[in-house]
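Enquirer:
In the working numbering, the protein residues as written are 88 to 283.
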(Lines of atoms letter the chains of each structure in order from A and count residues from 1; the text may use other names and numbers.)
(Lines give C-alpha, C1' and ligand atoms only; values in the text may rest on other atoms or scores of the structure.)
Protein backbone atom coordinates (compact mmCIF):
# COMPACT_ATOMS: atom_id res chain seq x y z
CA UNK A 1 0.00 0.00 0.00
CA UNK A 2 1.36 3.41 -0.90
CA UNK A 3 1.21 6.30 1.54
CA UNK A 4 -0.11 9.58 0.20
CA UNK A 5 0.83 12.80 2.02
CA UNK A 6 -2.03 13.72 4.33
CA UNK A 7 -3.56 10.24 4.17
CA UNK A 8 -4.14 8.97 7.70
CA UNK A 9 -4.30 5.33 6.60
CA UNK A 10 -1.57 3.39 8.43
CA UNK A 11 1.33 2.00 6.42
CA UNK A 12 1.60 -1.76 6.16
CA UNK A 13 5.00 -3.30 6.20
CA UNK A 14 5.23 -7.10 6.23
CA UNK A 15 1.57 -7.23 7.19
CA UNK A 16 1.95 -4.99 10.26
CA UNK A 17 0.22 -1.62 10.53
CA UNK A 18 2.70 1.19 11.19
CA UNK A 19 1.83 4.79 12.09
CA UNK A 20 2.69 7.34 9.45
CA UNK A 21 5.96 9.16 10.22
CA UNK A 22 4.36 12.35 8.90
CA UNK A 23 1.39 11.99 11.26
CA UNK A 24 3.76 11.26 14.16
CA UNK A 25 5.89 14.35 13.51
CA UNK A 26 2.85 16.60 13.11
CA UNK A 27 1.45 15.41 16.47
CA UNK A 28 4.82 16.00 18.15
CA UNK A 29 5.06 19.45 16.57
CA UNK A 30 1.59 20.36 17.82
CA UNK A 31 2.53 19.31 21.36
CA UNK A 32 5.81 21.23 21.23
CA UNK A 33 4.15 24.41 19.90
CA UNK A 34 1.44 24.13 22.58
CA UNK A 35 3.98 23.73 25.42
CA UNK A 36 5.10 27.42 25.68
CA UNK A 37 1.48 28.55 25.97
CA UNK A 38 0.91 26.09 28.81
CA UNK A 39 4.07 27.25 30.60
CA UNK A 40 3.08 30.93 30.27
CA UNK A 41 -0.40 30.18 31.58
CA UNK A 42 1.04 28.23 34.52
CA UNK A 43 3.36 31.15 35.31
CA UNK A 44 0.48 33.64 35.29
CA UNK A 45 -1.56 31.40 37.58
CA UNK A 46 1.39 31.09 40.01
CA UNK A 47 1.94 34.87 40.07
CA UNK A 48 -1.76 35.49 40.68
CA UNK A 49 -1.82 32.91 43.48
CA UNK A 50 1.28 34.40 45.14
CA UNK A 51 -0.14 37.93 44.91
CA UNK A 52 -3.48 36.94 46.37
CA UNK A 53 -1.71 35.06 49.17
CA UNK A 54 0.22 38.22 50.10
CA UNK A 55 -2.98 40.28 50.04
CA UNK A 56 -4.81 37.75 52.22
CA UNK A 57 -1.98 37.84 54.74
CA UNK A 58 -2.36 41.61 54.87
CA UNK A 59 1.31 42.35 54.17
CA UNK A 60 1.74 46.03 53.47
CA UNK A 61 5.12 47.71 53.01
CA UNK A 62 4.02 50.72 55.07
CA UNK A 63 3.78 48.49 58.18
CA UNK A 64 7.50 47.70 57.98
CA UNK A 65 9.33 49.39 60.89
CA UNK A 66 13.04 49.67 61.50
CA UNK A 67 14.03 49.37 65.17
CA UNK A 68 16.62 51.70 66.62
CA UNK A 69 20.02 50.14 67.35
CA UNK A 70 19.76 48.26 70.66
CA UNK A 71 23.26 49.18 71.77
CA UNK A 72 26.62 50.65 70.94
CA UNK A 73 27.78 47.60 68.94
CA UNK A 74 24.73 47.72 66.63
CA UNK A 75 25.15 51.45 66.08
CA UNK A 76 28.87 50.99 65.29
CA UNK A 77 28.04 48.25 62.78
CA UNK A 78 25.60 50.59 61.03
CA UNK A 79 28.16 53.40 61.11
CA UNK A 80 30.83 51.18 59.53
CA UNK A 81 28.50 50.21 56.70
CA UNK A 82 27.38 53.83 56.24
CA UNK A 83 30.98 55.07 56.13
CA UNK A 84 31.94 52.42 53.56
CA UNK A 85 28.89 52.54 51.27
CA UNK A 86 27.01 55.81 51.82
CA UNK A 87 29.18 58.65 53.10
CA UNK A 88 30.85 59.38 49.74
CA UNK A 89 27.50 60.64 48.42
CA UNK A 90 25.48 61.51 51.54
CA UNK A 91 28.35 63.02 53.53
CA UNK A 92 30.31 61.86 56.56
CA UNK A 93 27.81 63.51 58.90
CA UNK A 94 24.61 62.69 56.93
CA UNK A 95 24.53 66.25 55.52
CA UNK A 96 24.10 65.31 51.86
CA UNK A 97 26.04 66.39 48.78
CA UNK A 98 26.93 70.07 48.52
CA UNK A 99 24.06 71.83 46.73
CA UNK A 100 21.57 68.98 47.12
CA UNK A 101 18.71 71.39 47.88
CA UNK A 102 19.01 73.12 44.50
CA UNK A 103 19.79 70.05 42.38
CA UNK A 104 17.30 67.27 43.11
CA UNK A 105 19.36 64.35 41.71
CA UNK A 106 22.20 65.08 44.15
CA UNK A 107 22.32 62.87 47.25
CA UNK A 108 20.15 64.53 49.91
CA UNK A 109 20.89 64.93 53.59
CA UNK A 110 19.80 61.94 55.65
CA UNK A 111 19.59 63.89 58.89
CA UNK A 112 16.59 65.99 59.98
CA UNK A 113 17.44 68.73 57.45
CA UNK A 114 16.71 66.38 54.54
CA UNK A 115 13.52 64.72 53.41
CA UNK A 116 14.33 61.14 54.44
CA UNK A 117 12.07 61.66 57.46
CA UNK A 118 9.13 62.07 55.06
CA UNK A 119 9.51 58.51 53.76
CA UNK A 120 8.18 55.34 55.33
CA UNK A 121 10.68 52.81 56.63
CA UNK A 122 9.66 50.46 53.82
CA UNK A 123 10.23 53.15 51.19
CA UNK A 124 13.67 53.94 52.61
CA UNK A 125 14.55 50.24 52.57
CA UNK A 126 13.39 49.86 48.96
CA UNK A 127 15.31 52.97 47.85
CA UNK A 128 18.52 51.57 49.30
CA UNK A 129 17.91 48.03 48.03
CA UNK A 130 16.63 48.86 44.53
CA UNK A 131 18.17 52.29 43.98
CA UNK A 132 16.48 55.17 42.18
CA UNK A 133 16.44 56.68 38.69
CA UNK A 134 15.19 59.90 37.15
CA UNK A 135 12.35 59.81 34.62
CA UNK A 136 14.92 59.75 31.80
CA UNK A 137 16.68 56.72 33.34
CA UNK A 138 19.67 58.42 34.98
CA UNK A 139 20.76 56.61 38.15
CA UNK A 140 20.42 58.92 41.16
CA UNK A 141 20.93 56.23 43.80
CA UNK A 142 22.73 52.96 43.12
CA UNK A 143 21.02 49.72 44.12
CA UNK A 144 22.67 48.05 47.11
CA UNK A 145 20.82 44.72 47.06
CA UNK A 146 23.53 42.21 46.29
CA UNK A 147 26.16 44.55 47.76
CA UNK A 148 24.57 44.62 51.22
CA UNK A 149 22.36 41.96 52.78
CA UNK A 150 18.84 42.95 53.83
CA UNK A 151 20.01 42.99 57.46
CA UNK A 152 22.92 45.27 56.57
CA UNK A 153 20.54 47.67 54.79
CA UNK A 154 18.37 47.73 57.92
CA UNK A 155 21.50 48.33 60.03
CA UNK A 156 22.52 51.34 57.88
CA UNK A 157 19.00 52.78 58.05
CA UNK A 158 18.81 52.24 61.82
CA UNK A 159 22.14 54.05 62.20
CA UNK A 160 20.91 56.94 60.04
CA UNK A 161 17.61 57.18 61.92
CA UNK A 162 19.43 57.12 65.25
CA UNK A 163 20.64 60.66 64.45
CA UNK A 164 17.12 61.99 63.92
CA UNK A 165 15.65 64.09 66.76
CA UNK A 166 13.56 62.22 69.34
CA UNK A 167 10.52 64.30 68.36
CA UNK A 168 10.83 63.07 64.77
CA UNK A 169 11.11 59.44 65.85
CA UNK A 170 8.07 59.84 68.12
CA UNK A 171 6.13 61.51 65.29
CA UNK A 172 6.93 58.61 62.96
CA UNK A 173 6.00 56.05 65.61
CA UNK A 174 2.61 57.67 66.20
CA UNK A 175 -0.57 56.33 64.66
CA UNK A 176 -1.30 59.64 62.91
CA UNK A 177 1.94 59.58 60.87
CA UNK A 178 1.37 58.87 57.18
CA UNK A 179 3.76 58.33 54.34
CA UNK A 180 4.34 61.56 52.42
CA UNK A 181 4.08 60.76 48.70
CA UNK A 182 5.98 63.91 47.71
CA UNK A 183 9.51 64.65 48.83
CA UNK A 184 9.82 68.00 50.55
CA UNK A 185 12.65 69.25 52.71
CA UNK A 186 11.84 68.97 56.40
CA UNK A 187 11.87 72.77 56.80
CA UNK A 188 9.23 73.21 54.07
CA UNK A 189 7.00 70.64 55.74
CA UNK A 190 7.23 72.42 59.10
CA UNK A 191 6.41 75.82 57.59
CA UNK A 192 3.43 74.35 55.71
CA UNK A 193 2.07 72.94 58.99
CA UNK A 194 2.61 76.27 60.77
CA UNK A 195 -0.01 77.93 58.54
CA UNK A 196 -2.78 75.53 59.56
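Don't be surprised by glycine CBs; every beta carbon is placed ideally from N, CA and C.
Small disclaimer: the values here were computed from a predicted structure and weren't measured.
Candidates 208, 188, 211 and 224: which alpha carbon is nearest residue 201's?
Expert: Measuring from the Cα of residue 201, the nearest candidate turns out to be 188.
Enquirer: Residue 226 lies in the beta strand (DSSP E); which residues open and close that run?
Expert: Where residue 226 is concerned, the enclosing beta strand (DSSP E) stretches over 226-228.
Enquirer: Do you know offhand how far residue 257's Cα is from residue 234's?
Expert: About 31 Å.
Enquirer: Within the segment 184-253, note down every full beta strand (DSSP E) run reaching 3 residues or more, in order along the chain.
Expert: You should have 226-228.
Enquirer: I need the boundaries of the alpha helix (DSSP H) containing residue 165, first residue and last residue.
Expert: Counting along the chain, the alpha helix (DSSP H) containing residue 165 begins and ends at 159-172.
Enquirer: Please determine if the segment 241-249 and the segment 217-225 are in contact, where contact requires at least 3 C-beta pairs separated by less than 8 Å.
Expert: Flag = no, the segment 241-249 and the segment 217-225 do not touch.
Enquirer: By how many angstroms is the C-alpha of residue 253 removed from the C-alpha of residue 192?
Expert: Approximately 28 Å between the Cα atoms of the pair.
Enquirer: As a quick exercise: from 260, 249, 255 and 261, pick the residue whose alpha carbon is nearest that of residue 155.
Expert: Answer by Cα proximity: 249.
Enquirer: Can you tell me the Cβ-Cβ gap for residue 177 and residue 183, rounded? I've got them flagged as a contact below 8 Å.
Expert: Right, the Cβ-Cβ distance comes to about 6 Å (below 8 Å), so this counts as a contact.
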